[in-house]
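Report on one structure; see the data block that follows.
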Amino acid sequence: MSARAMQHAIPHLRGRVRAGVALAPLTWFRVGGAAEWLVRPADAEDLVTLLAGVTPGMPVTVLGAASNLIIRDGGLPGVVLRLGGAFGEVVAEADGVVAGAAALDVTVAEHAAAAGLSGLEFLCGIPGSIGGAVAMNAGAYGSELRDVLDWAEVATVTGLVRLSAEALRLSYRHAVLPEGGVVVRARFHARPGDAAPRMTEIRAAREATQPVRARTGGSTFKNPPGQKAWALIDAAGCRGLTRGGAQVSEKHCNFLLNTGNATAAELEALGEEVRARVLDHSGISLDWEIKRLGVAA
Numbered sequence: 001m002s003a004r005a006m007q008h009a010i011p012h013l014r015g016r017v018r019a020g021v022a023l024a025p026l027t028w029f030r031v032g033g034a035a036e037w038l039v040r041p042a043d044a045e046d047l048v049t050l051l052a053g054v055t056p057g058m059p060v061t062v063l064g065a066a067s068n069l070i071i072r073d074g075g076l077p078g079v080v081l082r083l084g085g086a087f088g089e090v091v092a093e094a095d096g097v098v099a100g101a102a103a104l105d106v107t108v109a110e111h112a113a114a115a116g117l118s119g120l121e122f123l124c125g126i127p128g129s130i131g132g133a134v135a136m137n138a139g140a141y142g143s144e145l146r147d148v149l150d151w152a153e154v155a156t157v158t159g160l161v162r163l164s165a166e167a168l169r170l171s172y173r174h175a176v177l178p179e180g181g182v183v184v185r186a187r188f189h190a191r192p193g194d195a196a197p198r199m200t201e202i203r204a205a206r207e208a209t210q211p212v213r214a215r216t217g218g219s220t221f222k223n224p225p226g227q228k229a230w231a232l233i234d235a236a237g238c239r240g241l242t243r244g245g246a247q248v249s250e251k252h253c254n255f256l257l258n259t260g261n262a263t264a265a266e267l268e269a270l271g272e273e274v275r276a277r278v279l280d281h282s283g284i285s286l287d288w289e290i291k292r293l294g295v296a297a
């Protein structure tokens, strides 16, 4: 599709629309191709305008903090949606926190702690933003979003809807959103208490056990029922396994690393090799937790 035709396919917005934007610098892995169109809506109303007015059938991909994502080397066709600005507000209330979808999980935990609220400490151990955390029912250190979520506001083609945690049917690393819906903000309940000790404990545990300073995407595979993915990977002899510039972390083998010059194809192929070795060794099929999106080069 030509640039002129694509411009007609995207409604007029108050936010920013750019063509051919490199996405690798926006992702934690630092790999992947370009967005055909990168769109940054000005606010929730602008986002609804986009969803309602974009040409039917055009791909719309939401890019949050891109912490658990491999964008393939051929890039992402259609519209890539990046929320920021007005979507990043965090407000502490007497018994909870309301946070925009672009707010980082750790920022929400810090706001709650500063307000003398506890119960959201686990968020400081989850890389990413609130929109993605709600969409995948993110969890760590014994807690999940469904344990603390009151409601989420979701932009749809017909407007904003507020859905309860029950309505989202949250399950392990999954939420049921309206078709084409985009989380714009959420509310989490909390209780009075000192969150600092638990947050210090979580941060120390992450530093000691995870490659937090590497180019990585967090946990690569979901934990099978009753199992730990890292233990299955280790038992299959995959710790430190490499393919090109991609490596299975030696520190935590459920993490893939870009050691400096990996391609998205190498990371994904290494993940598939790990899955094959684990299946051969244990008979258990690992499911990807990291999303892989876009077109292969």
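Counting in full-length UniProt numbering, the sequence shown runs from 1 upward without gaps. C-beta atoms are modelled at their ideal positions from N, C-alpha and C, and glycine is treated no differently.
Please state if the CB of Ile290 and the CB of Gly217 are separated by a distance shorter than 7 Å.
-> Within the sequence shown, the letter at position 217 stands for residue 217. Within the sequence shown, the letter at position 290 stands for residue 290. Yes, they are a contact pair.
Would you identify the three-state DSSP class for Trp151, choosing helix, strand or coil?
-> In the sequence shown, residue 151 corresponds to position 151, counting from 1. Under the three-state reduction of DSSP output, Trp151 falls in the strand class.
Measuring alpha carbon to alpha carbon, tell me which of Val97, Leu168, Val54, Gly142 ends up nearest Thr158.
-> The residue you call residue 158 lines up with position 158 of the sequence shown. Per the Cα distances, Val54.
Gly128 to Ser67, Cα distance in whole Å?
-> To locate residue 128, count along the sequence shown from 1; it is residue 128. To locate residue 67, count along the sequence shown from 1; it is residue 67. Between the C-alpha atoms of Gly128 and Ser67 there is a straight-line separation of about 5 Å.
Determine the contact status of Leu63 and Arg82, defining contact as a CB-CB distance below 7 Å.
-> Translated into the one-based positions of the sequence shown, residue 63 becomes position 63. Translated into the one-based positions of the sequence shown, residue 82 becomes position 82. For Leu63 and Arg82, yes; Cβs fall inside 7 Å.
Terminal residues of the continuous alpha helix (DSSP H) containing Leu69?
-> On the sequence shown, residue 69 is found 69 positions in, with the first residue counted as 1. In this chain, Leu69 is not harboured by any alpha helix (DSSP H); it is covered by the beta strand (DSSP E) spanning 69-71.
For Met1, does the three-state DSSP call read helix, strand or coil?
-> Taking the first residue of the sequence shown as position 1, residue 1 is located at position 1. Any reading at Met1 is ruled out, since the residue's pLDDT is 49, under 50, leaving its predicted position unreliable.
Would you decide whether Ser171 is buried or exposed? Buried here means 16 or more other CB atoms lie within 10 Å of its CB.
-> Position 171 of the sequence shown, counted from the first residue, corresponds to residue 171. With fewer than 16 other Cβ atoms within 10 Å, it is exposed.
Hey, how far is the Cα of Ala92 from the Cα of Ser118?
-> For this step, residue 92 is matched to residue 92 along the sequence shown. For this step, residue 118 is matched to residue 118 along the sequence shown. Going by the C-alpha atoms only, they are around 12 Å apart.
What residue from Arg18, Gly180, Val31 has the CA that sits closest to Val60's CA?
-> Translated into the one-based positions of the sequence shown, residue 60 becomes position 60. When Arg18, Gly180, Val31 are compared, the shortest CA-CA separation from Val60 is found for Gly180.
From this set, Thr156, Ala133, Lys228, which residue's C-alpha is nearest Ala44's C-alpha?
-> The sequence position of residue 44 within the sequence shown is 44, counting from 1. Comparing Cα-Cα distances from Ala44 to each of Thr156, Ala133, Lys228, the minimum goes to Thr156.
Identify whether Thr259 lies in helix, strand or coil by the three-state DSSP scheme.
-> By 1-based counting over the sequence shown, the position of residue 259 is 259. In the displayed model, Thr259 falls within coil according to three-state DSSP, outside both helix and strand.
For Gln227, which beta-bridge partners are listed by DSSP?
-> The residue labelled residue 227 in the question sits at position 227 within the sequence shown. According to DSSP, Gln227 bridges with nothing at all.
Leu279 to Leu286, Cα distance in whole Å?
-> Residue 279 sits at position 279 when you count from the first residue of the sequence shown. Residue 286 sits at position 286 when you count from the first residue of the sequence shown. CA-to-CA, the gap between Leu279 and Leu286 works out to about 8 Å.
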